[in-house]
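Q:
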Amino acid sequence: MNKKNWKKYLKIFFILIIGAFILYSMYIQLEYRGYIKQERERNYQSLKIISDHGNNLAGRLEEFVHLPTEEDEVESELYNNWRIVNGESRSIHLYLSTISTTHAGDEASDWDLLQFSLFRVDGFISGMTNKFLEDHSYPRSAQENEKMEAIISLYRTISEEIEKDTIDIESLLQAIKEDMLIIDDNYSGILERMGR
Numbered sequence: 464m465n466k467k468n469w470k471k472y473l474k475i476f477f478i479l480i481i482g483a484f485i486l487y488s489m490y491i492q493l494e495y496r497g498y499i500k501q502e503r504e505r506n507y508q509s510l511k512i513i514s515d516h517g518n519n520l521a522g523r524l525e526e527f528v529h530l531p532t533e534e535d536e537v538e539s540e541l542y543n544n545w546r547i548v549n550g551e552s553r554s555i556h557l558y559l560s561t562i563s564t565t566h567a568g569d570e571a572s573d574w575d576l577l578q579f580s581l582f583r584v585d586g587f588i589s590g591m592t593n594k595f596l597e598d599h600s601y602p603r604s605a606q607e608n609e610k611m612e613a614i615i616s617l618y619r620t621i622s623e624e625i626e627k628d629t630i631d632i633e634s635l636l637q638a639i640k641e642d643m644l645i646i647d648d649n650y651s652g653i654l655e656r657m658g659r
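For the sequence shown, the positions run 464 to 659 when my numbering is used.
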């Protein structure tokens, strides 16, 4: 093999290597875009499932709030309603954990705040569950009733926002802001730290 043919084969080899690299890079880029799109769709799907569980939670919590606590006849109704409220809250917690903000881009802070907000709601419900278990009854203060009413309003608002054609996380956060200020005493400080 002479030197001229060797250089020719070397050029062809390098052109093939560069072509293969370009094709592989394009393939990886397309796969990555597909992955990001799937992740975003999974976030919205989780939000829709959270909305369904939240709507059921709101209905049962509304029944719970309007039942009198001092009558023995309604004790089993209180128990059943709260059991469902707590179960729905656990389900919401599970689906909140599936939301990923890694590739959410500009909406990452909005998704994070939404997750934080709903985790705080879950924390309140868990705290009430512990209180009810300790007391072996369902006494509630006026402030706790107010927070429960805010939770009902919050999940109904989320359901309404999800029913729209396009879901805007920022407008959803604005819609639930007042309810969250009632539910979580530290929420205004969080908003202030985030510059909202």
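Ideal Cβ placement from N, Cα and C applies to all residues, glycine included.
Report the three-state DSSP secondary structure of Glu626 (helix, strand or coil).
A: coil
Q: Suppose contacts are defined by Cβ-Cβ distances below 8 Å. Is Leu617 in contact with Ile513 by that definition?
A: no
Q: Would Met643 pass as a contact of Val528 if the rule is Cβ separation under 8 Å?
A: no
Q: Give the straight-line distance between the Cα atoms of Thr532 and Gln501, rounded to the nearest whole angstrom.
A: 47 Å
Q: Who are the near neighbours of Gln633 in its chain, counting only those whose CB is closer than 7 Å to its CB and skipping five residues on each side?
A: Note that residue 633 corresponds to Glu in the displayed sequence, not to Gln. So the qualifying residues of the chain are Asp573.
Q: Could you give the distance in angstroms between the alpha-carbon of Asp628 and the alpha-carbon of Gln637?
A: 18 Å
Q: From the DSSP output, in three-state form, read off Tyr601 for me.
A: coil
Q: If you compare alpha carbons, which of Thr564, Ser600 and Val584 is closest to Glu540?
A: Ser600
Q: Provide the residue span of the alpha helix (DSSP H) that contains Ser514, from first to last.
A: From DSSP, the alpha helix (DSSP H) with Ser514 extends over Lys466 to His529.
Q: Only counting the same chain, and skipping five residues up and downstream in sequence, which positions put a Cβ closer than 8 Å to that of Ile499?
A: His566
Q: May I have a chain-ordered list of the alpha helix (DSSP H) segments no shorter than 4 residues that lie completely inside the segment 554-618?
A: 571-598
Q: Just to confirm, is the Cβ distance from Thr561 to Asp575 under 8 Å?
A: no
Q: Considering only their Cβ atoms, is the gap separating Ser622 from Gly517 smaller than 8 Å?
A: yes
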